[in-house]
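The structure appears right after this line, and notes come after that.
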Amino acid sequence: MSLKSKLIQYRDASYPIVFIESFEEDKSDKIISEIAASERLSVIEWNGASGACDFKTKEPKGTRKLMLCEMLEILSKDNLERKIIVIKDMNEQLSDYQTVARLKQLALKISSGAIKDCIIVMISPTLTIPRDLEKFITVLEQDYISEKEIEQIITEFAEENDIQVASNLKEQIAIALKGLTEMEINNILSLAVSTDGDITKNSLQFIFEQKQQMIMKSGILEMIPLKESINDIGGLENLKKWLGRKSKVFNNINKAKEFGVNMPKGLLIAGVPGCGKSLSAKATASLFEVPLLRLDMGRLMGKYVGESESNMRSAIRLAEAISPCVLWIDELEKAFAGIGSQNGNEVTTRLFGTFLTWMQEKTSPAFVLATANDITKMPPELLRKGRFDEIFFVDLPNAEERKKIFEVHIGKIPKKYLDNIDIKSLVDKTGGYSGADIESVVKDAVENAFCDDAKTVTTKYIIDAINATKSLSDIMKDDLKKMQDEYEKRQLKKAT
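One gets my numbering by counting positions in the sequence shown from 1 and adding 71 to each.
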């Protein structure tokens with residue numbers, strides 16, 4: 072249901088206050104104007120710049136700028152039937168108890184039917200709800216521009232600037248521009264034309280940079296630079312084969328949709344620390360040729376009522392808007408630890424509910440890749456079918472995988488500084504070592520050879536580094552046994 076339809080529905084049902092969480096005030100104003108015209112309603116506005124003002128012209132009313140509390144006091148004495156009260160820039164005003172009290176008084180009259188066909192619409196990019204108003208406010212989100220609408224914007228821009236854009240390129244750029252506002256889209260197209268004189272494939276770089284800015288400014292998600300490829304993963308052949316099939320869908324999204332393929336929901340990689348889970352997340356984004364967004368659950372927590380839940384919704388909306396993308400959630404078990412227990416945090420429980428519902432219902436190409444060390448600490452609801460497409464268990468690397476891991480990391484050493492390395496002897500000496508252990512061993516060997524002024528890195532240097540390193544299986548022997556038994560019991564698919 073569109074934002075316009077929801078606003079009409081809530082007004083008809085005597086919902087007193089609707090909060091539209093959006094940067095695009097112009098877009099919200101347009102929707103409100105359309106509703107007012109079709110329903111024959113009048114609109115009253117208050118904003119931080121002008122105080123009480125004319126909704127269409129934004130010209131101040133009266134000779135003195137009224138505070139929000141003062142305007143609400145005046146309105147309380149007027150006939151407010153068939154009116155829309157629009158309030159912007161209100162966050163600082165909502166710290167005043169008198170303002171909150173007057174809003175509450177108006178909300179009670181609207182919800183009780185004492186004031187008919189009236190609704191208060193708050194518009195702000197920042198959601199802050201005083202507890203006294205929590206029960207009266209319904210939060211709505213501004214719709215992002217659809218791909219078809221973006222294609223129309225590109226078409227109109229091209230016509231205005233006398234530019235020809237091939238239909239396949241227009242489609243590709245429209246997908247890349249998803250999640251941006253109309254103003255941002257026009258700015259990027261203008262930048263592309265001023266730089267290259269045309270809209271070309273190079274324009275995708277401007278879009279990527281703008282999306283990086285968008286992610287940075289959100290403060291919730293982080294865009295991870297992609298340096299790793301699927302070839303940097305030693306072993307895990309079952310996982311790589313599975314990802315290879317999913318990549319065909321992501322690399323041909325429109326064709327896959329037309330064919331009737333459901334969008335992949337996501338993947339949970341669980342198992343032993345240091346065995347390639349995080350590397351797999353980065354390599355997946357490279358394989359799918361999409362941005363990698365990292366969600367830090369700690370950044371979601373806010374100090375105001377509803378702020379954490381709002382941050383979660385914003386993160387989900389941003390990921391969906393930017394999709395196709397990979398949304399990486401590291402150490403998922405820590406994010407939702409304690410759910411369902413007596414000591415469980417109420418806010419965390421609500422965040423979990425929001426995330427769970429989204430995972431179940433989402434149809435967008437935002438691929439969730441979660442990693443976890445210990446799934447025994449995770450709520451069972453998260454592990455059932457329908458949340459993730461698959462759950463893979465990553466164990467300590469076997470001999471063949473250790474060989475491939477050594478080849479990957481030794482292959483990064485310039486050949487002129489590399490002696491003939493006996494990889495078989497290295498593999499034989501590293502039973503119980505994790506992939507991270509092996510990477511560390513090779514790095515230590517290279518550093519030691521350099522500090523000794525050696526001409527090359529030899530097998531002996533690497534063996535000495537192995538002897539100086541305690542393996543993960545030695546350090547976490549009991550914990551690893553419990554973990555492996557649990558994964559075996561649950562019959563999870565092995566990544567190897």
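Glycine residues also receive a C-beta, built at the ideal position from the N, C-alpha and C atoms. Please read these numbers as outputs of a predicted model, since none were measured by experiment.
- Along the length of the stretch 101-176, whole beta strand (DSSP E) runs at least 3 residues long occupy 113-118, 122-124, 154-159, reported in chain order.
- Of all C-beta pairs linking the stretch 291-305 to the stretch 252-263, fewer than three are shorter than 8 Å, placing the two stretches out of contact.
- For Cys-522, the enclosing alpha helix (DSSP H) has its first and last residue at 506-522.
- When the Cα atoms are used, Lys-514 and Ile-537 turn out to be separated by approximately 11 Å.
- The residues Met-334, in chain order, have a CB closer than 7 Å to that of Thr-434 in the same chain once the five nearest residues on each side in sequence are set aside.
- Each residue's CA atom was taken as its position, placing Gln-555 and Asp-445 some 10 Å apart.
- Per the coordinates, the alpha-carbon of Tyr-488 lies some 28 Å from the alpha-carbon of Ala-354.
- Contact between the stretch 233-249 and the stretch 106-121 is absent: fewer than 3 CB-CB pairs across the two stretches fall below 8 Å.
- Taking all protein chains shown into account, Lys-564 has fewer than 16 neighbouring C-beta atoms within 10 Å of its C-beta and is therefore exposed.
- No Cβ-Cβ contact shorter than 8 Å links Leu-240 with Lys-282.
- Tyr-504 counts as buried, since no fewer than 16 other beta carbons sit within 10 angstroms of its beta carbon.
- Rounded to the nearest angstrom, the Cβ distance from Ile-190 to Arg-82 is 4 Å, consistent with a contact under 8 Å.
- CA-to-CA, the gap between Val-397 and Leu-248 works out to about 16 Å.
- Counting of Cβ neighbours within 10 angstroms places Asn-118 among the buried residues, the total reaching 16 or more.
- In the three-state reduction of the DSSP assignment, Ala-406 falls in the helix class.
- The count of Cβ pairs closer than 8 Å, one atom from the stretch 465-480 and one from the stretch 300-315, reaches three, so the stretches are in contact.
- The C-alpha of Ala-352 lies about 12 Å from the C-alpha of Val-361.
- If you look at Phe-438, you'll find it in the beta strand (DSSP E) that goes 437-443.
- For Phe-463, the uninterrupted beta strand (DSSP E) run begins and ends at 461-465, by DSSP.
- If you draw a straight line from the Cα of Val-528 to the Cα of Ala-516, it comes to about 7 Å.
- Its chain contains Asp-203, Leu-204, Phe-207 as the residues whose beta carbon lies nearer than 8 Å to that of Lys-175, once the 5 sequence neighbours on both sides are disregarded; these appear in chain order.
- Checking the DSSP bridge columns, you'll see Phe-423 has no partner listed.
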